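Peer 1: Numbering (the numbering used here), first residue to last: 422 to 804.
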Amino acid sequence: MKKLIISFLVFFSFLYSKEYVITKYIEDKPIINVTFKGPNQVKKIVDMDFKVLDHFEINESAKYSFDFNYDKATKTLKVIYKKDNQPFLIKKYRSGSYAYFPFLVHRAVYDINEYFQLPSAKFLIRKVIYSLLTAPKEASIYLSDYTLSYKKRIISGGLNIFPKWADEKQSKIYFTKYERGPVLYEYNLYTGKKKKLLASQGLLIVSDVKEDKLLLTMAPEGQPDIYLMDLTNKTVQRITKYPGIDVNGKFWGDKIVFISDRYGQPYVFEKNLKTENIKRVLYHGKNQVGVDAFNKYLVISTRETANAFKPNTFNLFLINADDDSLKRLTMKGQNSYPNFSVDGSSVMFIKREHFSSKIGIIRLGENKVFYYPLSKMLQSFDW
422 MKKLIISFLV
432 FFSFLYSKEY
442 VITKYIEDKP
452 IINVTFKGPN
462 QVKKIVDMDF
472 KVLDHFEINE
482 SAKYSFDFNY
492 DKATKTLKVI
502 YKKDNQPFLI
512 KKYRSGSYAY
522 FPFLVHRAVY
532 DINEYFQLPS
542 AKFLIRKVIY
552 SLLTAPKEAS
562 IYLSDYTLSY
572 KKRIISGGLN
582 IFPKWADEKQ
592 SKIYFTKYER
602 GPVLYEYNLY
612 TGKKKKLLAS
622 QGLLIVSDVK
632 EDKLLLTMAP
642 EGQPDIYLMD
652 LTNKTVQRIT
662 KYPGIDVNGK
672 FWGDKIVFIS
682 DRYGQPYVFE
692 KNLKTENIKR
702 VLYHGKNQVG
712 VDAFNKYLVI
722 STRETANAFK
732 PNTFNLFLIN
742 ADDDSLKRLT
752 MKGQNSYPNF
762 SVDGSSVMFI
772 KREHFSSKIG
782 IIRLGENKVF
792 YYPLSKMLQS
802 FDW
């Protein structure tokens with residue numbers, strides 16, 4: 422069982438540039454001025470948010486101005502909205518800890534974006550959950566903002582892997598802990614309570630969540646398949662029955678997509694849950710090692726080189742199911758584990774470099790990518 426779990430981790434750890442994407446969707450950006458008073462550490466997050474969001478043109482002579490003021494003593498961020506230099510709205514954001522200031526800034530910038538009724542910026546205010554390999558057979562789970570500026574270890578001790586958000590409010594997570602075998606737990610971030618949901622032999626991983634239904638990768642009989650767990654009815658149904666490797670299932674309308682080696686190498690396949698039909702999705706690259714779905718889109722990590730003595734190149738591609746178009750998102754490096762934001766405006770992914778990792782965020786409408794480094798090896802994440 423240990424061997425199977427480690428093999429699965431290795432299978433996904435190979436996996437993972439610079440950047441092209443779609444077309445810019447804001448023709449005339451609102452022109453605003455932004456001022457700041459407070460710690461430089463906080464100012465860096467303000468500047469970063471506006472840069473990553475890329476929905477505004479910053480100009481000191483703008484009609485609209487937003488004055489940020491962070492008071493470290495009260496842990497309060499105040500934002501004054503001004504038009505023609507006249508204040509018309511004041512918003513305040515407070516936290517119990519100074520370390521939480523990135524989330525205050527993200528919320529404030531999100532609110533400004535909402536005020537101008539611009540395309541969604543929900544990625545700013547989403548929390549990120551990730552598992553970090555800290556030692557052999559040791560992995561801890563951390564809570565963070567999208568920039569990784571805020572980090573809080575929430576689960577430690579043993580091998581805690583594959584965290585997945587359990588609800589839209591981001592109050593609970595699912596994760597796998599390796600005990601005598603893999604055990605699936607639900608963990609409440611507010612109460613700290615942990616609830617055991619399922620135990621199995623071999624693999625046991627939540628790959629996607631849709632309300633009260635979970636897609637699992639399980640290997641109770643040796644080879645992994647995709648299973649559907651219904652939390653309301655407390656049932657587990659086997660979805661794929663291939664005598665090989667089927668992993669990483671994702672909900673995609675009335676279908677699921679998943680990685681399978683049924684062609685000898687791992688590729689992305691889709692299965693219609695009504696007709697049971699299975700077909701390959703993308704005919705590009707040497708093999709494919711990661712997939713995520715959002716509405717009509719898929720983002721896929723595919724290997725494009727066949728190097729025997731140096732790292733291979735894994736790049737990300739965006740597929741539109743309406744017209745089967747294929748758009749390259751990255752150009753080089755090892756880019757994998759793609760994950761759409763909740764609004765589909767961005768893709769977060771892992772970029773491997775030597776023995777460390779970076780979180781990458783591709784802003785699909787803005788044709789830009791941003792990286793946030795980690796000192797240790799990132800095992801998996803969700804946002």
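C-beta: ideal position from N, C-alpha, C; glycine also. Since this is a predicted model, take the numbers as computed values, not measurements.
1) If you measure between the beta carbons of V473 and F489, is that distance less than 8 Å?
2) For Q644, which three-state DSSP category applies?
3) For D743, which option in K717, N728 and P584 has the closest C-alpha, if you only look at C-alpha atoms?
4) What does a CB cutoff of less than 7 Å around Q658 pick up in its chain, not counting 5 residues either side in sequence?
5) According to the Cβ coordinates, are S801 and Y551 closer than 8 Å?
6) Which residue from L785, R701, E787 and S757 puts its Cα closest to that of K779?
7) Relative to the C-alpha of K450, which candidate in F477, Y485 and P460 has its C-alpha closest?
8) Hey, quick one: how far does the alpha helix (DSSP H) through A529 stretch, first residue to last?
9) Starting from D470, follow the alpha helix (DSSP H) in both directions and report where the run begins and ends.
10) Starting from E481, follow the beta strand (DSSP E) in both directions and report where the run begins and ends.
11) Say the cut is 7 Å; is the CB of D566 nearer than that to a heavy atom of the ligand ZN?
12) Check whether the Cβ atoms of I466 and S577 sit closer than 8 Å, and answer yes or no.
13) Does the structure place the stretch 578-585 close enough to the stretch 620-632 that three or more beta carbon pairs sit under 8 Å?
14) Tell me which residues share the same chain as S518 and place their Cβ nearer than 8 Å to its Cβ, disregarding the 5 neighbours each side in the sequence.
15) Excluding the five sequence neighbours on either side, which residues of its own chain have a C-beta within less than 6 Å of the C-beta of E787, listed in chain order?
16) Take the Cβ of D713 as the centre, count every other Cβ of all protein chains shown within 10 Å, and call the residue buried at 16 or more, exposed below.
17) Is P540 near T568, with beta carbons less than 8 Å apart?
18) Buried or exposed for D505, please, with buried defined as at least 16 other CB atoms from any protein chain shown within 10 angstroms of its CB.
19) Check Y611 in the structure and name its three-state DSSP category.
20) From this set, D803, L785 and M798, which residue's C-alpha is nearest E559's C-alpha?
21) Helix, strand or coil for T444 per DSSP?
22) Kindly confirm or deny that the stretch 657-677 and the stretch 689-700 touch, where touching means at least three C-beta pairs closer than 8 Å.
23) Taking just the CA atoms, how far does R749 sit from V442?
24) Output the residue ranges of the beta strand (DSSP E) runs that lie fully inside the stretch 576-634 and measure 3 residues or longer, sorted by chain position.
25) Grab the span of the beta strand (DSSP E) containing V790 for me, first residue to last.
26) When the distance is taken between beta carbons, is I546 closer than 8 Å to Y563?
27) Output yes or no for whether 8 Å exceeds the beta carbon distance between I721 and F735.
28) Look at the alpha carbon of G685 and the alpha carbon of T723, and state the distance between them as a whole number of angstroms.
29) Under a three-way DSSP split, which group does K695 fall into?
Peer 2: Based on what the coordinates show:
1) Looking up residue 473 in the sequence shown gives position 52. Looking up residue 489 in the sequence shown gives position 68. No. Outside cutoff.
2) Within the sequence shown, residue 644 is the residue found at index 223, counting from 1. Three-state result, Q644: coil.
3) Translated into the one-based positions of the sequence shown, residue 743 becomes position 322. Here the closest residue by C-alpha is K717.
4) Within the sequence shown, numbered from 1, the residue matching residue 658 stands at position 237. Cβ neighbours of Q658 within its own chain (closer than 7 Å, five residues either side excluded): Y648 and L649.
5) Counted from its first residue, the sequence shown places residue 801 at position 380. Counted from its first residue, the sequence shown places residue 551 at position 130. Yes, the Cβ-Cβ distance between S801 and Y551 is below 8 Å.
6) Your numbering for residue 779 matches position 358 in the sequence shown. Residue S757 is the option with its Cα nearest to K779.
7) Within the sequence shown, residue 450 is the residue found at index 29, counting from 1. Closest by alpha carbon: F477.
8) The residue you call residue 529 lines up with position 108 of the sequence shown. Here the alpha helix (DSSP H) through A529 covers F522 to Y536.
9) Indexing the sequence shown from 1 puts residue 470 at position 49. First-last of the alpha helix (DSSP H) with D470: N461 to L474.
10) On the sequence shown, position 60 is the one that residue 481 refers to. For E481, no beta strand (DSSP E) encloses it, and the DSSP letter there is neither H nor E.
11) This structure simply doesn't include the ligand ZN, nor any ligand for that matter.
12) The residue you call residue 466 lines up with position 45 of the sequence shown. The residue you call residue 577 lines up with position 156 of the sequence shown. For I466 and S577, no; Cβs fall outside 8 Å.
13) yes
14) Sequence index remark: in the sequence shown, residue 518 carries index 97 (1-based). Answer for S518: K496, listed in chain order.
15) As a position in the sequence shown, residue 787 is number 366, starting the count at 1. Here the set comprises D475.
16) Counting from one through the sequence shown, the residue named residue 713 turns up at place 292. That one is buried.
17) For the purposes of this step, residue 540 is taken as residue 119 along the sequence shown, with counting starting at 1. For the purposes of this step, residue 568 is taken as residue 147 along the sequence shown, with counting starting at 1. Taking 8 Å as the Cβ cut-off, P540 and T568 do not qualify as a contacting pair.
18) As a first step, residue 505 is located in the sequence shown; it is residue number 84 there, counting from the start. It counts as exposed.
19) Start at 1 with the first residue of the sequence shown, and residue 611 comes out as number 190. Three-state DSSP puts Y611 in coil, outside helix and strand.
20) By one-based count along the sequence shown, residue 559 stands at place 138. When only C-alpha atoms are compared, the closest one is M798.
21) For this step, residue 444 is matched to residue 23 along the sequence shown. Summary for T444: the model assigns pLDDT 37, below 50, so the residue's position carries little reliability, and this model does not support an answer.
22) Output reads yes: the stretch 689-700 touches the stretch 657-677.
23) The residue given as residue 442 occupies position 21 in the sequence shown. The residue given as residue 749 occupies position 328 in the sequence shown. For V442, the predicted structure reports a pLDDT of 39, less than 50, and the residue's modelled location is therefore unreliable. A value from the coordinates is still provided. Using only the alpha carbons, I get a separation of about 7 Å.
24) Along the stretch 576-634, the beta strand (DSSP E) occurs as fully enclosed runs of 3 or more residues at 580-586, 593-599, 603-609, 615-620 and 625-631, listed in sequence order.
25) For the purposes of this step, residue 790 is taken as the residue at position 369 of the sequence shown. Segment K789 to L795, the beta strand (DSSP E) holding V790.
26) Taking the sequence shown and counting its residues from 1, one reaches residue 563 at position 142. Taking the sequence shown and counting its residues from 1, one reaches residue 546 at position 125. No; because the gap between Cβ atoms is not below 8 Å, this pair is not in contact.
27) The residue given as residue 721 occupies position 300 in the sequence shown. The residue given as residue 735 occupies position 314 in the sequence shown. Contact flag unset, no.
28) Locating residue 685 in the sequence shown gives position 264, counting from the first residue. Locating residue 723 in the sequence shown gives position 302, counting from the first residue. Taking the straight line from one Cα to the other gives about 15 Å.
29) Walking along the sequence shown from the start, residue 695 turns up at place 274. Looking at K695 - three-state DSSP - the assignment turns out to be coil, as it is neither helix nor strand.
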